[in-house]
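Which chain is which? The protein sequence lines are A and B, in order. Using this note's numbering, the first residue of the first sequence is number 242, and each one after it goes up by one. Using this note's numbering, the first residue of the second sequence is number 651, and each one after it goes up by one. A virtual CB, placed ideally from N, CA and C, is assigned to each residue, including glycine. To start, the structure under review is shown below, and the notes come after it.
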Amino acid sequence: MFDACPDDKTDASLSTPPYGAPQTGIWQRDGRVKADGSDIQDWAALVAAVRDRQDRAAFAALFRHFAPRVKGFLMKSGADAALAEECAQDAMATVWQKAHLFDPARASVSTWVFTIARNRRIDVLRRTRRPEPEELPWGPEPEPDQATVLEVRQETERLGQALARLPDKQRALIERAYWGEVSHSEIAAETGLPLGTIKSRIRLALDRLRQELK
Amino acid sequence: MTIRHHLSEELLMAYAAGELPEAFALVVATHVSLCDECRAQAEAYEALGGAVVEEIAAEMDDAALEACLARLDGMPQMAPARPAPRRRGVLPGPLADYVGGGVEAVKWRPVGKGVRQAILPTDRGATARLLYIPAGVAVPDHGHRGLEMTLVLQGAFADETGRFGPGDVEIADGDLEHVPVAEAGQDCICLAATDAPLRFKGIVPRMAQPFMRI
Numbered sequence: 242m243f244d245a246c247p248d249d250k251t252d253a254s255l256s257t258p259p260y261g262a263p264q265t266g267i268w269q270r271d272g273r274v275k276a277d278g279s280d281i282q283d284w285a286a287l288v289a290a291v292r293d294r295q296d297r298a299a300f301a302a303l304f305r306h307f308a309p310r311v312k313g314f315l316m317k318s319g320a321d322a323a324l325a326e327e328c329a330q331d332a333m334a335t336v337w338q339k340a341h342l343f344d345p346a347r348a349s350v351s352t353w354v355f356t357i358a359r360n361r362r363i364d365v366l367r368r369t370r371r372p373e374p375e376e377l378p379w380g381p382e383p384e385p386d387q388a389t390v391l392e393v394r395q396e397t398e399r400l401g402q403a404l405a406r407l408p409d410k411q412r413a414l415i416e417r418a419y420w421g422e423v424s425h426s427e428i429a430a431e432t433g434l435p436l437g438t439i440k441s442r443i444r445l446a447l448d449r450l451r452q453e454l455k
Numbered sequence: 651m652t653i654r655h656h657l658s659e660e661l662l663m664a665y666a667a668g669e670l671p672e673a674f675a676l677v678v679a680t681h682v683s684l685c686d687e688c689r690a691q692a693e694a695y696e697a698l699g700g701a702v703v704e705e706i707a708a709e710m711d712d713a714a715l716e717a718c719l720a721r722l723d724g725m726p727q728m729a730p731a732r733p734a735p736r737r738r739g740v741l742p743g744p745l746a747d748y749v750g751g752g753v754e755a756v757k758w759r760p761v762g763k764g765v766r767q768a769i770l771p772t773d774r775g776a777t778a779r780l781l782y783i784p785a786g787v788a789v790p791d792h793g794h795r796g797l798e799m800t801l802v803l804q805g806a807f808a809d810e811t812g813r814f815g816p817g818d819v820e821i822a823d824g825d826l827e828h829v830p831v832a833e834a835g836q837d838c839i840c841l842a843a844t845d846a847p848l849r850f851k852g853i854v855p856r857m858a859q860p861f862m863r864i
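Dropping the structure here:
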C-alpha cells in the first residue's frame with residue numbers, strides 16, 4: 242500500500258530519514274495533529290527537496306500519498322483502472338518536472354496536484370483544451386513568506402476538516418461536482434465551507450501584487 | 651476597469667473542477683484575466699478540489715513507484731512553464747491565443763445591420779463567438795434554450811437587465827429574452843458563448859440561423 246508515512250523506514254528508497262522529522266516537529270510544538278492522530282505532513286517541504294536536490298526519497302513520499310488520490314480522482318471521473326494509473330504516473334512526473342513552479346505561499350500541494358490531475362483529465366479523458374487565464378507576473382521570490390506558507394497550511398487543514406464534518410448528502414454533492422457527474426447548471430456552489438478565508442488571502446495577495454506593478 | 655457584473659459561483663466552481671465546455675471555459679479564463687475577485691474565487695474552488703481529492707485513494711500497482719522513478723531518469727527537471735497567453739490590445743491573453751493575435755487578426759463575417767461575428771474553434775459542447783456591434787446598434791431580439799455568457803471587451807451594451815461595460819459578463823439562462831443595444835460612442839466587442847442555438851424571434855433571422863451558426 243502507498244499510504245505509508247514518508248518517514249516509514251521499511252522502504253529501501255527511504256534510507257534518508259529527514260522527512261517527517263523536522264516538519265512534524267513544528268506541528269508537535271503547536272500541538273496540531275490530524276483528527277486521525279497522524280502527524281500533518283509538510284508536503285511543501287518535500288516539493289522543495291525535489292526542486293532543490295532532485296530528492297528521490299522526498300518524491301517517493303509525495304508519490305505514496307498523492308498518486309493513489311490522483312488515480313482515485315480519475316477513476317471517479319470515468320477512467321478505467323489502467324488509464325487512471327497511467328495518468329497518475331504522468332501527473333506525478335509533472336510534479337517532479339515542475340517542482341520549481343510550485344509556490345507554497347499561493348496554494349497547498351494538494352491544490353497544486355489537483356490542478357495537475359484536472360488538466361491531465363481534460364487532455365486525456367475529455368480530449369479538449371483548457372483555456373488558462375493570463376498569468377500574473379509574481380516575480381522571482383526566492384523565499385516565500387513563511388507566515389503565508391503557514392497560513393496556507395492551516396487553511397488547507399481547516400478546509401479538510403470542514404469537508405469531513407459535512408453531512409454525507411452535502412459532501413457527496415460537492416464531490417460529484419468535481420468528478421464531473423453533474424453539469425455546471427446543477428452545481429450547488431453554496432458549500433458552507435470556509436472558502437471565504439482562502440479567497441480573501443488570495444485577493445489580498447493579488448492587491449499587493451497590483452500595487453507593486455503600479 | 652470597474653467590473654460590476656461577475657461570474658456566478660457555479661461557473662467558477664465548474665471551471666475549477668475542469669467541467670465546463672471549452673467555449674464557457676474560454677469566457678471564464680478571459681474574465682478571470684481581468685477580474686481579481688473572480689480569480690481569487692476560482693483559486694479557492696481549486697483548493698476545494700484539492701481537499702476533495704484528499705478524501706479518496708485508489709490502490710496503485712505495486713510496481714508503480716519504481717516505474718515512475720525509472721521514468722524520471724531521462725526527464726529534464728525545471729521544465730519551463732507553458733508560455734502563458736499574452737494580452738493583445740483589447741483581447742486578454744486566453745482570447746488572443748484562440749484568435750491568433752489581436753482584433754485585427756479576427757476573421758469577421760457579417761450577420762446583418764453592421765453586426766459581425768467570428769466563431770472561435772472550440773469543442774462541440776458549446777459555441778464561442780466574438781461579436782462586433784457598431785455603436786448604437788441592437789443585436790436582434792433573441793432568447794436561449796440554454797446558457798449564454800457575454801463578456802464585454804470594448805465599448806458597452808445595455809439590455810433589459812442592465813448596463814455592461816468592459817470586463818462585465820452577462821449570464822443569461824433560458825428564460826431571458828433580451829435586446830442588447832451597443833452604447834453610442836464606441837463600437838462594442840464582446841465574447842459570447844452559448845450551449846444551445848439562440849432563438850431569434852423574427853422569421854428571417856430564424857431562417858438564416860442554420861447558415862450563420864448563430
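Given residue i as reference, the closest of the options once Cα atoms are compared
i: B:GLN691; options: A:ALA302, A:ARG451, A:PRO435; result: A:PRO435
i: A:ALA332; options: A:LYS410, A:LYS317, A:LYS312; result: A:LYS312
i: A:TRP420; options: A:GLN338, A:ALA299, A:ALA302, A:ALA358; result: A:ALA358
i: B:LEU780; options: B:ALA694, B:VAL703, B:ARG654, B:ALA843; result: B:ALA843
i: B:THR777; options: B:GLY764, B:ARG654, B:GLY796; result: B:GLY796
i: A:LYS440; options: B:GLU687, B:LEU676, B:HIS656; result: B:GLU687
i: A:LEU366; options: A:PHE314, A:GLU375, A:GLU373; result: A:PHE314
i: A:GLY433; options: A:GLN402, A:ALA348, A:ARG361; result: A:GLN402
i: B:HIS656; options: B:GLU827, B:LEU676, B:HIS681; result: B:HIS681
i: A:LEU404; options: B:HIS828, B:ALA834, B:VAL702; result: B:VAL702
i: A:ARG417; options: B:ARG766, B:GLN804, B:LEU684, B:GLU705; result: B:GLU705
i: A:GLU392; options: A:ILE443, A:ASP448, A:ARG406, A:GLN411; result: A:ILE443
i: B:ASP711; options: A:ARG394, A:ALA298, A:GLU326; result: A:GLU326
i: A:ALA446; options: A:PRO408, A:ALA346, A:LEU324, A:ASP321; result: A:ALA346
i: A:THR397; options: B:MET728, B:ARG738, B:GLU696, B:PRO733; result: B:GLU696
i: B:THR800; options: B:ILE839, B:GLN727, B:PRO784, B:ASP825; result: B:ILE839
Straight-line Cα distance separating residue j from residue i
i: A:VAL336; j: B:GLY817; result: 34 Å
i: B:GLY786; j: A:ASP283; result: 58 Å
i: B:PRO744; j: B:LYS763; result: 29 Å
i: A:LEU342; j: A:ASP293; result: 12 Å
i: B:LEU841; j: B:VAL802; result: 6 Å
i: A:GLU375; j: B:GLU693; result: 14 Å
i: B:CYS718; j: A:VAL423; result: 33 Å
i: B:GLU798; j: A:GLN330; result: 38 Å
i: B:ASP723; j: A:ALA429; result: 44 Å
i: B:SER658; j: B:ARG736; result: 25 Å
i: B:GLN804; j: A:GLN411; result: 41 Å
i: B:LEU684; j: B:THR652; result: 10 Å
i: A:ARG296; j: A:ALA286; result: What sits at residue 296 of chain A in the sequence shown is Asp, not Arg. Approximately 11 Å, taken between the alpha carbons.
i: A:ALA299; j: B:GLU820; result: 47 Å
C-beta neighbour in chain B for residue i, strict 8 Å
i: A:PHE343; result: no
i: A:SER279; result: Confidence at A:SER279 is low in this model, with a pLDDT of 42, below 50, so the placement of that residue should be treated as unreliable; the coordinate-derived value is given next. Chain B contact via Cβ: absent.
i: A:LEU455; result: The sequence as given places Lys at residue 455 of chain A; Leu does not occur at that position. Closer than 8 Å: no.
i: A:VAL365; result: no
i: A:GLN338; result: yes
i: A:GLU376; result: yes
i: A:GLU392; result: no
i: A:LEU287; result: no
i: A:ALA358; result: yes
i: A:GLN330; result: yes
CB of residue i within 8 Å of CB of residue j, strictly
i: B:ARG759; j: B:ALA768; result: yes
i: A:PHE304; j: B:LEU715; result: yes
i: B:ALA673; j: B:THR811; result: no
i: A:ALA340; j: A:VAL288; result: yes
i: B:ALA832; j: B:PHE807; result: yes
i: B:VAL749; j: B:ALA755; result: yes
i: B:LEU698; j: A:PRO372; result: no
i: A:PHE355; j: B:GLY835; result: no
i: A:PRO309; j: B:ALA707; result: yes
i: B:ARG766; j: B:GLY752; result: no
i: A:ILE456; j: B:GLY775; result: Given that chain A is displayed from residue 242 to residue 455, the structure contains no residue 456 of chain A and the question cannot be resolved.
Below-8 Å beta-carbon distance, residue i vs any chain A residue
i: B:VAL702; result: yes
i: B:GLU798; result: no
i: B:LEU676; result: yes
i: B:GLU660; result: yes
i: B:LEU780; result: no
i: B:MET710; result: yes
i: B:GLU820; result: no
i: B:ARG689; result: yes
Burial state of residue i, where buried means 16 or more other Cβ atoms lie within 10 Å
i: A:THR352; result: buried
i: A:LYS455; result: exposed
i: B:ARG654; result: exposed
i: B:MET663; result: buried
i: B:MET725; result: exposed
i: B:LEU670; result: buried
i: B:LEU661; result: buried
i: A:GLY272; result: Unreliable placement is indicated for A:GLY272, whose pLDDT of 36 sits below 50; no coordinate value is reported for it.
i: A:LYS317; result: buried
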